[in-house]
Amino acid sequence: MALTDETDLVRTEEMLLNVGPQHPSTHGVFRMVVKISGETIIEAEPVIGYLHRGTEKLAENLQYSQCIPYTDRLDYVSAMLNNYSLVHAVEEAMGLEIPDRAEYIRVITMEMNRLASHLIFFGTYLLDLGAMTPFLYAFEEREKIIDMFNELCGARITYNYMRVGGVKFDTTPGWLEQVDAFVKRMKGEMVKYRQLVTGNEIFLARVHGVGAYTTEQALGHGMSGINLRCTGYNWDLRKKKPYSIYDRFDWDVPLGSAGDCWDRYILHMEEMEQSLRIVEQALQQIQPGPVMAKVPKLIRVPAGEYYSGIEGTRGELGFYIVSDGKDKPYRLKIRRPSFENLQILPIILKGVPVADMVAILGSIDPVMGEVDA
Amino acid sequence: MNFVWNGPMIAFYVLALSVLGAGILMLSVRKVVYMALSIGGVFIGAAGIYILLGAEFVAVAQILIYVGAITILMMFAIMLTNHKAEEEPFRWTVRNATAAVGSVLLALVLLAVIRSTTWPVQSANLNLNGGNSNPVAIGLVMFKQYAFPFELVSLVLIVGLVGAVILAQERKEEE
Amino acid sequence: MWTWNNLWHWAGHPLSWPGFVGMLVGAVVILLLALLVVMYSIYWQRKFIGWMQWRIGPNRVGPWGLFQTVADVLKLLVKEDVIPANVDRTLFLLAPIFAFVPAFLVLSIIPFSAHHVFTANIGIGALFYVAISAITIHGVMLGGWSSNNKWALIGGMRSAAQMLSYEVPLGMSIVGVVLMAGTLNLNGIIAAQMHTVWYVIPQILGFIVFVIAGTAEMNRTPFDLPDAESELVGGYHVEYSGFRFAFFMLTEYVYLLAMGGLMATLFFGGWAGPFLPGWLWFAIKIFIFFTFQFWLQATLPRIRQDQMMSFSWKLLLPLALANLVITAVVKVLV
Amino acid sequence: MFGFLKGLGVTISQLPKKKVTVMYPEEKPDYPERYRGVHRFIPELCTVCNQCARICPTSCISLSGSRDENRKLRIETYDINFDICILCSQCTEVCPTEAIVMSDTFELASYTRDDFYLDMHWLHNNELEYERRHPDRAIPETDVQKKAGN
Amino acid sequence: MFQYWNDYFFVVLFLLLGIFLPVAAIWVLGPLLRPKHPTVAKNTPYESGVEPVGDAHVRYNARYYLFALMFVVFDVETLFLYPWAASFHQLGLFALTEMLMFILMLVIGLAYAWRKKVLEWS
Amino acid sequence: MTGLGGPLFPIPTGSLLALGALLFCIGLFGALTRKNLIIVLVSIELMLNAANINLVTFSRLGVNPSLSGQVFSLFTITVAAAEIAVGLALLLAIFRLRRSSEVQDLNVHKW
Amino acid sequence: MVEYAWLAPVLPLVGYVFLLALGRRAAEGLVAGVSVILTFLSFLVSLAVFTALGAHPDVTGTYTMRWLTLGAHSIDVGFQVTHLNALMLVVVSAVSTLVFLFSKGYMHKDERFPVFYQYLNLFVFSMMALVVSPNLLQLYIFWEMVGLCSYLLIGFWYFKPEAALAAKKSFIVTRLGDVGLFIGIILLFLSSGSFDYSTVFQAATTGHLGLSWITPADLTTLTGILVFVGAAGKSAQFPLHVWLPDAMEGPTPVSALIHAATMVAAGVYLVARMYPLFVASGTALTVVAWVGGITALLGALIALTQRDIKRVIAYSTISQLGYMMMGLGVGAYAYGMFHLFTHAFFKALLFLAAGSVIHAVDTQDLFEMGGLGKKMRITQWTFLFGALSLSGVFPWAGFWSKDSIINATLQSGHMTLFWIAEIAAFCTAFYIFRVYFLTFHGKPRDESKMAHAHEGSWVMTVPLIILAVMAFIAGLFNTGLNNFGLQRYLMADSPTGLIGKVYPDNVPLMIISVTVALVGIGLAALMYWKPVISAEKLARNLSGLYRLSFNKFYLDEIYYGVVVWTGKLIAGIVDFFDRYILDLIVRMLGRLGYMGGVGLKYTQTGQVQTYSVIAFFGIMILLAIAMFHVGGVF
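What follows is the structure, given as structure tokens:
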């Protein structure tokens, strides 16, 4: 071999690695092009768009009620919240008064859905880290929630349950009791998860101090939800800008401090307990009554621009409606929290080992349906 | 020398042929990785010879150190340097020719010497290990007779370790 | 001088034809036994882990899914053997064999029963295991390297580094037992334990090191980083398919058997035990080891590469050394 | 220090728990009445009002009808393209006669896309199947007559 | 000596059988049973569903070399521990001090490597 | 035959030594002619192995059979391990400096 | 146990290697902890050896292995354990352990803390190896190594010019002595054919120590004196003592360990080790006695007027070493070693206490201190113990040992030396209590420095206390209490009386000695504690003597005049010869070589393989020649 090739150093050569779109840990069809030197990531570039369906554009040709099934498919693990976010925006724009029972059912379903989504986070995150049993336990509980939703609105994932002015169905007989029983059971399960995972040294070593960022960075990237609260910044729209009937319940906003994977993990777990608290209180307070307000058959939003954001599972989920007074939005812009949260990846992935990549990506917890919309 | 065909003898010839074959294979393949692999054959074959000679501990040491450790180290070294390196085809330069002639000559001389010497014969039932198993006997010899060299071994190892670490570590200023 | 009969004359001491046939049968029996054990350990793994996860595990092929693994093996056998473009063909083809042969070879010294009927009784058994099992590293590393696949490369390198890092504490933890027994012969070690107590009690520290290092050596949870599915999508054998892949799998499970046998021999008195025949005791001990491994697999997340390496060098190795020194000092004092 | 031992305890204690596996093809999941599976269609009730086709967000329904001797609109073709149907149930919501309703059939896998164009007969058969499976949920014949009659 | 050879002959039988099994299964039995229809796409290395970029044969992490180095040194140490352990009860205190010195030297080596960050990852 | 107590050791000493000698020459030839530094090192290992074969042979079949030969060969193996570790580390260092693992490029001492 | 004596030196060596591996940024606690533990283990080993020898006096032994064979002669390496060696091992390891502990506090936060401990460990190893050396060559090697360590440690704060100078000075001055020692050793080897002590002694005592140009008796005397020159260099005997006071520039623990307790005692040890040689030549022994006596007196006189606390103690060391030499010189082998033993403890104590003081007040000038007693109670009391012991007050250790020596001078008939010893003893008591009163009593003279003075941490006080206890009881090892155990122990090395005599106690002399000491103390008290007598006035009245003492008898200046000037003259001549005569020849040779080189460089391809092929081919040719010439193969 001659002395020609200047780049031929004995140092580890850099290698371009495609993680995804067909990769078990990218939570869907997400792709990261990472440049690695040995096991260390030098540069990471997220590539998105594999699941793009043009929801926003489609919505311009759809009536508001027709938009609702499309929102199911944004963050497909917490469709209730997506439904609600849209109908809430429309209701606010129209200034509708929603019946109490409808609001209670909405809160119960939303928080249950949040729970289901966090259960998925819990299961898949541990699967990313190599433990498979928590995944099955978590999915079993999620299955119970989904079965209840199935009974309530006829679908397991894509609920299409909320309507402008209320909800599609009233609860089936005995459904609320089922929820109550589930809440009680779930509290025991939380203890089990804590024993199985939260105390495990290997798990702790994997997540402590990994993928940390500061509040400034998080705010600078427009992050929200748990990904923002893990840095210690108290920002929960349910408290800060109360919508629906969240001000009627007594619950706390769990906060992190270090902004690392551990904080994000534990916030998910604590938020599940808070959701259980809310559901419990809602079950006590709910009264019989109508579930739909009086709304015109053809919904028309007055001309103007409206924005309403709610605390989605992954952060601030907002619908921005530009209306020219017709029954279809002139423009519908969706603020998708997963998309915003993902933006920090290239920064926090720099310099971490490959093994931490999945730990970090998993803790950010993006849902590709939402990112790509 | 009268040849008696028997099991150990056959085993010896099979092993010897494989040792030499692996050695020659090493010199004849061109890819460095293959060379490093074929020398593994030499090491294992030599271990077989040791076993035939009753030196089972040395044989296992040979496998443990040579095949298990040194060859892997070489693999790593190959993969860290020019792992696609291939030898050029052999050319009859003056130097190579001299080396070849010299090696053959040396082999002939050595064989002649071996052939012309009368070697002692030993019983097959010779109890070399003094009633102990081979590793125990080796331990006794090593720690009684060769205690000082044994301590030096640790010195050699630590010097090797330190030297190699200093040499092999990537230095920051190069980055 | 040449006769056929001479072939088996070990310089005048005949290895009789029946003796040879006995050996051959023994080896073949062990081979078949190993394959059977591998199949049913996989089955038991799936069942056991399934039960712990509220599932029922394999249940379709045969009664209680008993022939599931058989079906899997058949499937692998008739599966197309894809050799990707640009691989280093020789190494790619040889790697599974490099991995498998040592795995099977170490079985030759495990004393499955009180009399070495099926396996060899050599004087250096314990070290033989350590030495031979190191060869597998080649297979794994070369398999990963030759695949021309980045995941395989990372996985192969990781695997090699992991196996050689844990080989050292593994070897040292065995030294503790050798120190107690005063012999390297595995049957001798069992015999020594019959006089005293199972070595798991005096050598508890060494035993812990042994189990951890052994688990890592076999690339099992929580040390399954080389083929970490959620990161490396299979690691070194990502490009292997069909029976070549099967041999990597087979290697893993044969090692599980061998390691279980070694553990039973070194720390749990091997085939020794009351009432039951020796081979059954041995089987019971190995079964418990298997179950323990699967239990771990069902519970623990995966450790990270850098943590795993430091764990071996910074904790296990000093622990093993400490165990050794303590054992030696105690032995001198007592 | 030994938190993982607790985890081991958790997993082993799950061994005797009741298994949740559903032996799927033999044992079908029991889906509630509101379940939104593949549509079923009752041609007698359809008034060919086209509301379902209009409300469909994915425009997967196409239908045509003709007037019969009573000048009443009779459905002639009713096709749903399940390639794009998202089973949102909007069509059933707007149907004034509940001629189109959802069933609990969910097995739609097929080797060819052509199989996803389900016509009226398939949908009607689905209705019959459904009623056979769930006699309790069947629409009483009288209702059908009554609704079809007016 | 003969029993000894016989035992190793047994080991050799295992070796041969161990080679025989994969060879028979992969090269003899396999080709009879399995199909072979290679296509370009099938033979592309897996890279998460996209076309592979660059060469996978890169010079990989120099860290690994250092671990291999440590392994060689400590493997040799382990090797010397075995005869010591086996013959320990016949040797007594002197062997203990000898081995302690030996281990001490290697512990110093380990400490050196530790300090030089050889045992760290990045 | 029986004067030594039992049958003779079946393998002739000369054959074993011849094997050692041939292996040594192969290693020597490799060390002198190969271009790649790793292979040169490997060839040197081959020579050490040849020496080891002789050591073990004499330990069993020498005039005074004793275990010293085996112990020596253990030491040789150790030295070989240290040698290869340092040698390969040197190789890495050289490669870093000169981007080559070939012997003929290591001619700093050329005039 | 005796065969494990090698562990005693090796343990500090292990410590040294370990610290070397840890490097320069290791944690202080770890460094000091490892060192102290290893040294303490070493101490335990030494103690075990010591007691084992005490229990079985006949188990002394030499353990060697062949190192080199030079023709008929051979050189061995190994170790030797005798009673003398065992005693030295105990002293060295005990003092080292305590000093190591003390240094943890004293050197706290020093930038090169680990380096300091590396040097110390190396020193302790070398010193112990010196002690157990079985022959002169090995002794010489370690002799130079302790010199090297001393040099390194004196110059530890090399950024202080005085320290660097002092290090250089000590190195050069002791080198003068070492040259003598080396010549002596070579002469002994030439004449006796061996470096082994036993062989040499055998030859010396039987008069077989012969060379062609000198008679055996003269050679014995000559080599004895040469060896003593080496001993004088290391033990700072007149006139080679000048380096020791300057060596006080090093850190105080170093002064305590090396320049008080151990290394400087190596000279004494050497004389004791070579005692049969000295006995064989009476003249050499007399020289030893007189040089020792002069040194004792000179050191004491100079110490009277010094202002630097460490220098006073340094001169005191010189003086006490003189005592030991004198003791050996008058034939009291055991007493000299006994004094070495006690002196090691109380002098180390004094140095460490002084170090504690310096650490607290950050000055070494006696006239800036004062009144420290209230702030540093432990230091004060321990210093007082050391001072009493040094002064020879009953029943402190110094009393027993010093009195034995004085007794021996008297009883062996050296009357002049006896008076010298008594005068020196008086001076000793005076100057050390001068230091004591100036430091710990009276009013603080420099308030600012005294204000923040305080006791050091336990690592500093514990060694002080232990040493104080030892300074008190060490003397009892050789009293009627245990039937003069130490001297019996030491004499066991040679029951034939080859190594001197012992003398019975002399109670009147004891009383005289104690009185002399007490008078000295009283005078010091009158001048510096309750100033009845003015020190200044006395100095003015005796200004000539005072100046002589204060300027150390102008010895440094004399040295400068004589040694340096002569050296420069010789250097000039050599320089001329070198530059104009040798260079001419060398350049011509060089030119020749260059021409050859230019011609030959074309054979240098720089490729190892080419070289090896050539070498290999050469070997093959040699082989061919051997075969055809010697034949026999075919």
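Residue numbers (the working numbering), protein chains in the order written: chain H, 74 to 446; chain Y, 937 to 1111; chain R, 7 to 340; chain B, -14 to 135; chain F, 32 to 153; chain S, 54 to 164; chain G, 9 to 642.
C-beta: ideal position from N, C-alpha, C; glycine also.
These figures come from a predicted structure and were not determined experimentally.
Query	Result
Using the C-alpha atoms, what's the distance from glutamate 116 of chain H back to leucine 989 of chain Y?	57 Å
Could you give the distance in angstroms between the alpha-carbon of tryptophan 1055 of chain Y and the alpha-carbon of leucine 190 of chain R?	33 Å
Using the beta-carbon of each residue, which ones in chain F are nearer than 8 Å to alanine 138 of chain S?	Leu100, Val103, Val104
Count the other C-beta atoms from every protein chain shown that fall within 10 angstroms of the C-beta of glutamate 11 of chain B, then say buried if there are 16 or more, exposed otherwise.	exposed
With a threshold of 7 Å on Cβ separation, who are the neighbours of threonine 487 of chain G within its own chain once the five nearest residues in sequence on each side are excluded?	Trp408
Going by the beta-carbon positions, is the gap between valine 296 of chain G and glycine 337 of chain G smaller than 8 Å?	yes
Measure the Cβ-Cβ separation of leucine 141 of chain F and isoleucine 1001 of chain Y and say whether it is below 8 Å.	no
Using DSSP with H/G/I as helix, E/B as strand and the rest coil, what is tyrosine 143 of chain F?	helix
Against chain R, with Cβ distances strictly below 8 Å, would histidine 281 of chain H count as a contact?	no
Hey, how far is the Cα of glycine 957 of chain Y from the Cα of valine 206 of chain R?	46 Å
In chain order, what residues of the same chain have a beta carbon less than 7 Å from the beta carbon of glutamine 347 of chain H, not counting five sequence neighbours either side?	Trp324, Asp325, Pro327
Run down chain F in chain order and give the residues with a C-beta less than 9 Å from the C-beta of valine 92 of chain H.	Ser79
Nearest to lysine 241 of chain H by CA position, among H:Thr197, H:Arg258, H:Ala175, H:Arg409, is which residue?	H:Ala175
Can you give me the C-alpha to C-alpha distance between leucine 137 of chain F and leucine 1091 of chain Y, rounded to a whole angstrom?	8 Å
Put proline 246 of chain H into one of helix, strand or coil per three-state DSSP.	coil
Mark asparagine 156 of chain H as exposed unless 16 or more other C-beta atoms lie within 10 angstroms of its C-beta, in which case mark it buried.	buried
Let me see if you follow: with CB-CB separation under 8 Å, is leucine 69 of chain S close to chain F or not?	no
Grab me the residues of valine 540 of chain G's own chain with a C-beta within less than 6 Å of its C-beta, minus the 5 sequence neighbours each way, in chain order.	Leu534
If we count the other Cβ atoms within 10 Å of its Cβ and call it buried at 16 or more, is threonine 182 of chain G buried or exposed?	buried
Terminal residues of the continuous alpha helix (DSSP H) containing asparagine 91 of chain H?	Here asparagine 91 of chain H belongs to no alpha helix (DSSP H); instead the beta strand (DSSP E) covers 87 to 92.
List, in order along the chain, the chain R residues whose C-beta lies closer than 8 Å to that of isoleucine 50 of chain F?	Ile103, Val107
Go ahead and label tryptophan 466 of chain G buried or exposed: buried means 16 or more other beta carbons lie within 10 angstroms of its beta carbon, across all protein chains shown.	exposed
Rounding to the nearest angstrom, what Cα-Cα distance links methionine 478 of chain G and alanine 212 of chain G in this structure?	38 Å
Thinking C-beta only, is aspartate 38 of chain F closer than 8 Å to alanine 126 of chain R?	yes
Determine, using beta carbons only, whether alanine 40 of chain G and phenylalanine 108 of chain G come nearer to each other than 8 Å.	yes
What residue from G:Ala255, G:His347, G:Lys538, G:Met282 has the CA that sits closest to tyrosine 166 of chain G's CA?	G:Ala255
State the beta-bridge partners of alanine 117 of chain H as determined by DSSP.	H:Val107
Classify valine 181 of chain G as helix, strand or coil using the three-state DSSP reduction.	helix
Among B:Ile40, B:Ile124, B:Gln75, which one has its Cα closest to the Cα of valine 23 of chain B?	B:Gln75
Counting only beta-carbon atoms, is isoleucine 134 of chain F nearer than 8 Å to chain G?	no
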